[in-house]
Each structure stands twice: as structure tokens, then as C-alpha cells.
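Asker:
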């Protein structure tokens, strides 16, 4: 009943929290080709997560799998395609506060490493992943165009309307491969 209100308040708090954070100037043409340590926030719904096989293959080819960190909800990990070799950071609902924001311990686990690029694979707005993406301090943060995306990402991808999630993720990869 109160989830929608808690989500709105959490979103307002997150946007307020990051309001003064300034992004460094990033040359997109070099940012992806020179990236060495990506962090990837996996979709929060199992149906979307099962469609990211192409993205995982791209990451395995582009980066060494041990350098890629995947961040996923515990409930979603079982529906993932083959993710062997990747470092996986799993979080549970208990690691989120009442406003759906990550607790300090989850932020500490994520910040044990530094990242060159952050990629949020949630097609719809997911506050925990968006917040973690912004908090990762990666110079390049990539996400889909969605409400409030300007507060969390500095590179947004607009895909065409499609019910085929595999196609949506392949459009994302085509956009990234341009750089």
C-alpha cells in the first residue's frame, strides 16, 4: 500500500543526495574503449534477466570475465544465463532500507573496487540499481532512457519500442559498440 509513496520519497532523497555531485568531463569515444573494470547492474525482474545472454557474451569478449562485476538481486541470480567467471555481488531486500535505498554495508561491498564504466541493464526505473550505479563513481554511467535517468546516468540509450527484450539489449550493445 505504501510502497509507491516509499519509492517516491526514496527517489527524491536519492536525487537530492546526488544533486551537487559533478561529473568529470568524459570523452565517450574513448571511455568505453579504454575501460578496464566495468560494473553491470542486472535487471531486477527475472523475465528481463533471462534475456541478457548477449550482453554477458559481449562483456566476456570485451573484458576479461574476472574484471567484470555483476550486481544482482538474490531472487534473480537463479534465472541468469551462464555467468561463470564473472564476479557477482548479490544483494537481498534486507540490504535495502525502507525507501528502497542501499544500506551502508551494501555500498561498502560495492566500493571495494573502482570502476571505469557502470552499465545498468534495467529497462524500467529501479531505484536500488540506479542509486548503486551513481554511487559507483564510475566516470561513465550508462542506462536506458527512463524517468529520473538524468540524475543517475551520464549516457542514456533510447531503444525503439519492442516487446522482445533480447532485441532491446542487442540495440544497447550496438550503441555501445559504436564507441
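In this note's numbering, the protein residues as written are 4 to 182. Idealized CB from N, CA, C, for every residue including glycine.
Residue range of the beta strand (DSSP E) that residue 184 falls in?
Answerer: What is shown of the chain runs 4 to 182, which leaves residue 184 out entirely.
Asker: Could you pull out every residue in the same chain whose Cβ sits closer than 8 Å to the Cβ of residue 139, ignoring the five residues on either side in sequence?
Answerer: Around residue 139: 42, 113, 114, 118 and 121.
Asker: On the three-state DSSP scale, how would you describe residue 94?
Answerer: In the structure shown, residue 94 sits in a strand (DSSP, three-state: E or B).
Asker: First and last residue of the beta strand (DSSP E) that includes residue 28?
Answerer: Premise fails: residue 28 is in no beta strand (DSSP E) and is neither H nor E.
Asker: Cβ of residue 72 within 7 Å of Cβ of residue 45?
Answerer: Contact: no.
Asker: For a test of your reading of the model: does the CB of residue 32 fall under 6 Å from any non-hydrogen atom of the ligand FMN? Yes or no.
Answerer: As far as ligands go, the structure on display features none, and thus does not contain the ligand FMN.
Asker: Which residues in the same chain have their Cβ closer than 8 Å to the Cβ of residue 185, if we skip the five residues on either side of it in sequence?
Answerer: The requested residue 185 does not occur in the structure, where the chain is confined to residues 4 to 182.
Asker: Could you name the residues that DSSP lists as bridge partners for residue 99?
Answerer: DSSP output for residue 99 lists 105 as bridge partner(s).
Asker: With DSSP run on the structure shown, which of helix, strand or coil describes residue 83?
Answerer: Correct three-state label for residue 83: coil.
Asker: Using only CA atoms, which one of 19, 83 and 22 lies nearest to residue 47?
Answerer: Among 19, 83 and 22, the Cα nearest to that of residue 47 belongs to 83.
Asker: When the Cα atoms are used, what is the spatial distance from residue 143 to residue 162?
Answerer: Residue 143 and residue 162: Cα-Cα distance of roughly 19 Å.
Asker: In terms of residues, what are the limits of the alpha helix (DSSP H) holding residue 65?
Answerer: That run of the alpha helix (DSSP H) goes 56-65.
Asker: Among 87, 23 and 78, whose alpha-carbon lies nearest the alpha-carbon of residue 56?
Answerer: The shortest C-alpha separation from residue 56 is found at 87.
Asker: Of all the alpha helix (DSSP H) runs that stay within the bounds of the stretch 149-177, which reach a length of 4 or more residues?
Answerer: Qualifying alpha helix (DSSP H) stretches: none in this window.
Asker: On the DSSP bridge list, what partners appear for residue 121?
Answerer: DSSP, once it has assigned bridges, lists 42 and 144 as partnering residue 121.
Asker: What residues in its chain sit with their C-beta under 6 Å from that of residue 187, if we drop five residues either side in the sequence?
Answerer: This structure does not reach residue 187, given that the chain is present from 4 up to 182, and the question cannot be answered.
Asker: Please report the distance separating the alpha-carbon of residue 27 from that of residue 49.
Answerer: So the two alpha carbons sit approximately 34 Å from each other.
Asker: Using a C-beta cutoff of 7 Å, does residue 118 count as contacting chain D?
Answerer: The chain inventory of the structure shown lacks chain D, comprising one protein chain alone.
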